[in-house]
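Visitor:
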Amino acid sequence: MRVKELVSILEEELSLFDTLIELMTVEGEVVGSLDVERIDDHLRKKTELIERIRALDARREEILSREGCSGKSLREIARQWGDDELSRIAREFREKIERVTELNRINSLLIEKSLLYVSSSFRFLRDLGVNPKARVSVEA
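For the sequence shown, the tail end lands on 139 under numbering that gives the first Met the number 0, and the numbers increase by one without skipping.
1) Kindly indicate which three-state DSSP category residue 85 falls into: helix, strand or coil?
2) If you draw a straight line from the C-alpha of residue 54 to the C-alpha of residue 32, how long is it?
3) Restricting to Cα atoms, I'd like to know which of 63, 40 and 115 is closest to residue 8.
4) Residue 129 lies in the alpha helix (DSSP H); which residues open and close that run?
5) Can you tell me whether residue 108 is helix, strand or coil according to DSSP?
6) Contact defined as beta carbons within less than 8 Å: I believe residue 85 pairs with residue 73. What is the distance between those atoms, to the nearest angstrom?
7) Return yes when the C-beta of residue 37 is under 7 Å from any heavy atom of the ligand HEM, and no when it is not.
8) Could you please give the first and the last residue of the uninterrupted alpha helix (DSSP H) stretch that includes residue 17?
9) Compute the beta-carbon to beta-carbon distance between residue 13 and residue 91, rounded to the nearest angstrom, for a pair I have assumed lies under 8 Å.
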């Protein structure tokens, strides 16, 4: 049945959005740590998650295309099909997308702040005559 298949995909997508929100919630701390390995690991996890969301999106679009509903919003489809579960899922998606958008805005500001910190540290070292590209060693 079309609704059951669509709901299954959408529920899985909602679950992935929850995980994305969790990752984005700690992203500021990760970026602020300036720990390259930690940032790389976080970015890898986030990229893998986004790829999984895109794959589910493609499956969802395929179902909607098959049903002649391409280009319609989930809310419109729920109304058209008369399905309360799809209406609930549409509301949840809207809430999660709003949260992701807000977290993205906050994280962008934190990234800018971190870049300014790194840039000013680089200038400070250069002004002291230290070549930041050179190796630094501590002698006993």
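Just so you know, even glycine gets a beta-carbon here, dropped at the ideal spot from N, CA and C.
Guide: Answer, in terms of the structure:
1) For this step, residue 85 is matched to residue 86 along the sequence shown. Correct three-state label for residue 85: helix.
2) As a working note, residue 54 is residue 55 in the sequence shown. As a working note, residue 32 is residue 33 in the sequence shown. About 31 Å.
3) Translated into the one-based positions of the sequence shown, residue 8 becomes position 9. The option with the nearest alpha carbon to residue 8 is 63.
4) Locating residue 129 in the sequence shown gives position 130, where the first residue counts as 1. Careful: residue 129 lies outside any alpha helix (DSSP H) and carries neither H nor E.
5) Residue numbering aside, residue 108 sits at position 109 when the sequence shown is read from its first letter. It is helical.
6) Position 86 of the sequence shown, counted from the first residue, corresponds to residue 85. Position 74 of the sequence shown, counted from the first residue, corresponds to residue 73. Correct: roughly 6 Å between the Cβ atoms.
7) In terms of ligand content, the structure shown is empty, and the ligand HEM therefore cannot be addressed.
8) Position 18 of the sequence shown, counting from 1, holds the residue named residue 17. Per DSSP, residue 17 belongs to the alpha helix (DSSP H) from 1-32.
9) Mapped onto the sequence shown, residue 13 falls at position 14. Mapped onto the sequence shown, residue 91 falls at position 92. Going by Cβ atoms, the distance from residue 13 to residue 91 rounds to 6 Å, so yes, they are a contact pair.
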